[in-house]
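Working notes for the structure below.
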Amino acid sequence: MSEIPSVDSESARPADGLPEHLPPVEPPSAGFIVQLFLVPAVIVAVVIGVYLLFGRMAAGDTDWRQLVSDIKSDNSNIRWRAALNLAEALDAEGRRPAKQGRSLAEIPEIAGALNDLTLQQLQIRTPNDEQQQQLQFLLKALGRTDVIDAIWPALQEALSPSQPTETRKQALQAIAMIAGRRRERQQSLDSPQVLDALFDAAAEGEPVLRLHAAFALGLIPGGRSELQLTRMLEDPDSKTRINAAIGLARASSLGGLPVFRDAVRDALAWAREDVSQTTGDRAFEQQLILRNTVQALQQLAPKMPTDERREFASQLQELEEAVRDTGLRLQIKEARLELEQSPAGESA
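Residue numbers for the sequence shown, in the numbering used here: 267 to 614.
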């Protein structure tokens, strides 16, 4: 029987030492190098460029000069798109940590452009629904700016008794937004004309105007504000009294304690009610009042006389047991412990 011949690996190699089944090696072509390196590099560059573009947009790097120019356009679509973009840029900037340099909220040209457009809207005596929404949007945008002198003409007109109550309320909210940011920066909205307007609103017949005036005054430190807030502790509207007491608490004043005592008592009665009998709006409103009251009591605890602290701690103990909301109950407990552990303050 014939044997299958074996393959000698050494004898099977050609003279150049390479296996017969491998093709000869050729240097890479220029096209191959382009596909391998240049094309991926271009793709990466495009991706990075898109990322940076959207990063700049998210960071609020807006061409505000162009937007200010567009607000003055005769084309309503261009005008309102620019106003929307400016407002969104201001809002986005407000949510980010403060940065060095001048912010959009501090640029007079932006504030002035929004002021002028707001004044135009305020001249419409019988606005339709869309125009009312546009005015509401503009007043909120004014509240995001910090150049009070540039926007005061529009705010002053919006606060005029000739304007609807809703418009006047939104103007008061805009002032509160500005005052709140100033307060966060350890500054004050030190403007006599603003205070005068808030005092006028505090004397209005509409409770909604008085309560928003009290809220704004509570964000503006100073003797004039505190004097007006003290007067408003006797307001016939309970929410106005609460806002006045909270404003005084921000100034470390104990003047609002009687109002807080009534608020805790009312909250206890509310907490013991049948949940099915409490509407959603009333429950939300009551919780908001209670949260603000508890926060104010916790802030004032170190200054309270011993008997006042004990009384409020006892009331909060009852409230803690009656409240159903877990988060609210925890906040009440923290305030109660603060009242129980704080050293004695001023004597009664």
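Virtual Cβ for every residue (Gly too), placed ideally from N, Cα, C.
Inset, instruction - Return the first residue and the last residue of the alpha helix (DSSP H) that Ile373 is part of. - result: Counting along the chain, Ile373 falls outside any alpha helix (DSSP H), and DSSP gives it neither H nor E.
Legend entry - contact_flag[the stretch 489-497, the stretch 533-540] where n(CB pairs < 8 Å) is 3 or more: Taking a contact to require three or more Cβ pairs closer than 8 Å, the stretch 489-497 and the stretch 533-540 do not qualify as touching.
Inset, instruction - Just tell me which of Arg516, Leu385, Arg361 has its CA closest to the CA of Ile337. - result: Leu385
Inset, instruction - Take Leu388 and list the residues in its own chain whose beta-carbon comes closer than 8 Å to its own, dropping the five residues that flank it on each side. - result: Leu401, Ala420, Glu423, Ala424, Gln429, Thr433
Legend entry - Asp501 burial status per 10 Å Cβ neighbour count (16 or more: buried): Of the residues assessed, Asp501 falls on the buried side of the cut-off, its CB having 16 or more other CB atoms within 10 angstroms.
Legend entry - Alpha-carbon to alpha-carbon, Glu359 and Pro393: 31 Å
Legend entry - Enclosing alpha helix (DSSP H) for Ala440 [first to last residue]: Ala440 -> alpha helix (DSSP H) spans 431-450.
Inset, instruction - Compute the Euclidean distance between the alpha carbons of Leu566 and Ile441, then round it to the nearest angstrom. - result: 26 Å
Legend entry - Beta-carbon proximity check, Arg602 vs Gln583, cutoff 7 Å: yes
Legend entry - Start-to-end residues for the alpha helix (DSSP H) that takes in Glu359: 342-361
Inset, instruction - Quick one: grab the DSSP three-state call for Gly521. - result: coil
Legend entry - Spatial neighbours of Asp412 in its chain, beta-carbon cut-off 6 Å, leaving aside the 5 residues before and after: Ala371, Glu372
Legend entry - Closest Cα partner of Ala407 within the set Leu461, Glu396, Asp395, Asn381: Asn381
Legend entry - Coil, strand or helix - Glu500 by DSSP: coil
Inset, instruction - May I have the straight-line CA-CA distance separating Gln581 from Arg361, to the nearest angstrom? - result: 37 Å
Legend entry - Buried versus exposed, by CB contacts within 10 Å (16 or more), Glu472: Its Cβ having fewer than 16 others within 10 Å, Glu472 is exposed.
Legend entry - Within 7 Å, strictly: CB atoms of Asn509 and Leu477: yes
Legend entry - Which of helix, strand or coil DSSP assigns to Lys338: In this structure, Lys338 counts as coil in the three-state DSSP scheme.
Legend entry - Inter-residue Cα distance where the pair is Asp456 and Ile417: If you take the alpha carbons of Asp456 and Ile417, they lie about 15 Å apart.
Legend entry - Pro458 (DSSP reduced to helix, strand or coil): Note: Pro458 maps to helix in three-state DSSP.
Inset, instruction - Take the Cβ of Ala579 as the centre, count every other Cβ of all protein chains shown within 10 Å, and call the residue buried at 16 or more, exposed below. - result: buried
Inset, instruction - Within its chain, find whatever has a CB closer than 7 Å to the CB of Ala482; leave out the 5 residues flanking it on each side and keep chain order. - result: Leu438, Ile441, Ala442, Ala445, Leu464
Inset, instruction - Count the other CB atoms, across all protein chains shown, that sit within 10 Å of the CB of Ala469; report buried if there are 16 or more and exposed otherwise. - result: exposed
Legend entry - CA-to-CA distance, Ile376 to Ala353, given in whole angstroms: 10 Å
Legend entry - Option nearest Gln397 by Cα separation, candidates Val560, Gly409, Leu383: Closest by alpha carbon: Leu383.
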